[in-house]
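Colleague: So that we are looking at the same thing, I have put the structure below in structure tokens.
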Amino acid sequence: MNTSGVREIGDMHDELTSVLKMCSSVKLEQQSKAPKQQPTEKPTKGAIDDTSFRMKSPQSPMSLLGMSHALLNEKSKISRAASCPSASTLKKERSVKFSKDVIIREHNITLGDQPWRGGPPVTLSWEQLNTCLIDLDEFENVRAGCRRTEPDLRIGGKERRNLLKTMAGFSDSDLLKAQRIKTHLRSDGRRRNLSGRRRSPPPAL
């Protein structure tokens, strides 16, 4: 709670204390000036009892004291709510925005280390060829109706060999060494799965 909230609560408490003192003095004056009540006759049957129409006496100091405590509690709740961030503010801070553009980066291919079944393994290299920026809606419209399935994404052994030789410039000896490493990794992985031994180092190239 900040200093201004504490100052406001202190001023409010002083005002309520002065009001309680005034109410107590007024009640004492009314009791001293009020005439003695004379015994009233018992109302007859069918007569209207006027006690329900009498004005109620002012609230007692105890009830006003309880009211002051309730007001102070409400004031403290309001000050705490003002000092704490609301849920909407936290929600706005945690919101995430995405750009409407799609960045497409093209990379060259190189020899990988994945244990493919046939042919040399292929992976993307760190060499970046081209970069293009396309609007998201335009990108979705262009590739709508031409999405490739999982079989379309697979590349055969012969096609991988041709891509590595033509696009990446690898020789036949490079491809043969990569196949040797691949075969060693596959066989070593099978032995590890059967016996639980640690992986042995690949053969030297």
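UniProt numbering numbers the first residue of the sequence shown as 1 and each following residue consecutively. Ideal Cβ placement from N, Cα and C applies to all residues, glycine included.
(1) What does the Cβ neighbour count give for residue 164, buried or exposed, with the cut at 16 atoms within 10 Å?
(2) For residue 119 and residue 177, what's the separation of their Cα atoms in angstroms?
(3) With a 10 Å radius around its C-beta and 16 neighbouring C-beta atoms as the bar for buried, classify residue 170 as buried or exposed.
(4) State the beta-bridge partners of residue 101 as determined by DSSP.
(5) If you run the structure through DSSP and keep just helix, strand and coil, what is residue 17?
(6) Once DSSP output is grouped into helix, strand and coil, what is the label at residue 181?
(7) Runs of 4 residues minimum, wholly inside the segment 132–171: which ones carry the alpha helix (DSSP H) assignment?
(8) Roughly how many angstroms lie between the CA atoms of residue 159 and residue 94, to the nearest whole one?
(9) Taking only the alpha-carbon atoms, compute the straight-line gap between residue 128 and residue 104 and give it to the nearest angstrom.
(10) Indicate the three-state DSSP secondary structure (helix, strand or coil) for residue 173 in the structure shown.
(11) Are there 16 or more other CB atoms within 10 angstroms of the CB of residue 111, so buried, or fewer, so exposed?
(12) Just how far apart, CA to CA, sit residue 123 and residue 181?
(13) Return the chain-ordered list of same chain residues with a C-beta closer than 8 Å to the C-beta of residue 175, the five sequence neighbours on each side being excluded.
(14) Considering Cα atoms alone, identify which of 102, 183 and 167 is closest to residue 132.
(15) Taking residue 125 and residue 109 to be in contact with their CB atoms under 8 Å, please state how far apart those CB atoms are, rounded to whole angstroms.
Modeller: In terms of the structure at hand:
(1) As a position in the sequence shown, residue 164 is number 164, starting the count at 1. Buried, since its Cβ has 16 or more Cβ neighbours within 10 Å.
(2) Taking the first residue of the sequence shown as 1, we reach residue 119 at position 119. Taking the first residue of the sequence shown as 1, we reach residue 177 at position 177. If you take the alpha carbons of residue 119 and residue 177, they lie about 11 Å apart.
(3) As a working note, residue 170 is residue 170 in the sequence shown. When all chains shown are included, residue 170 counts as buried.
(4) Reading the sequence shown from its first residue, position 101 is the one you call residue 101. Residue 101 is bridged to 135.
(5) Your numbering for residue 17 matches position 17 in the sequence shown. Looking at residue 17 - three-state DSSP - the assignment turns out to be helix.
(6) What you label residue 181 is simply residue 181 of the sequence shown in a count that begins at 1. DSSP places residue 181 in helix when its eight states are reduced to three.
(7) Every alpha helix (DSSP H) of 4 residues or more that sits fully in the segment 132–171 is shown, in chain order, as 136–143, 150–153 and 157–166.
(8) Start at 1 with the first residue of the sequence shown, and residue 159 comes out as number 159. Start at 1 with the first residue of the sequence shown, and residue 94 comes out as number 94. Roughly 47 Å between the two C-alpha positions.
(9) For the purposes of this step, residue 128 is identified with residue 128 of the sequence shown, where counting begins at 1. For the purposes of this step, residue 104 is identified with residue 104 of the sequence shown, where counting begins at 1. When rounded, the distance between both Cα atoms is 11 Å.
(10) Position 173 of the sequence shown, counted from the start, is the residue given in the question as residue 173. It is helical.
(11) Walking along the sequence shown from the start, residue 111 turns up at place 111. Per the 10 Å Cβ criterion, buried.
(12) By one-based count along the sequence shown, residue 123 stands at place 123. By one-based count along the sequence shown, residue 181 stands at place 181. Whole-angstrom Cα-Cα distance: 15 Å.
(13) Working through the sequence shown from its first residue, we reach residue 175 at position 175. Cβ neighbours of residue 175 beyond the five flanking positions: 111, 120, 161, 164 and 165.
(14) Within the sequence shown, the letter at position 132 stands for residue 132. Checked all of 102, 183 and 167; the closest Cα to residue 132 is 102.
(15) Against the sequence shown, residue 125 aligns to sequence position 125. Against the sequence shown, residue 109 aligns to sequence position 109. Indeed, because the Cβ distance is near 6 Å, the residues count as touching under 8 Å.
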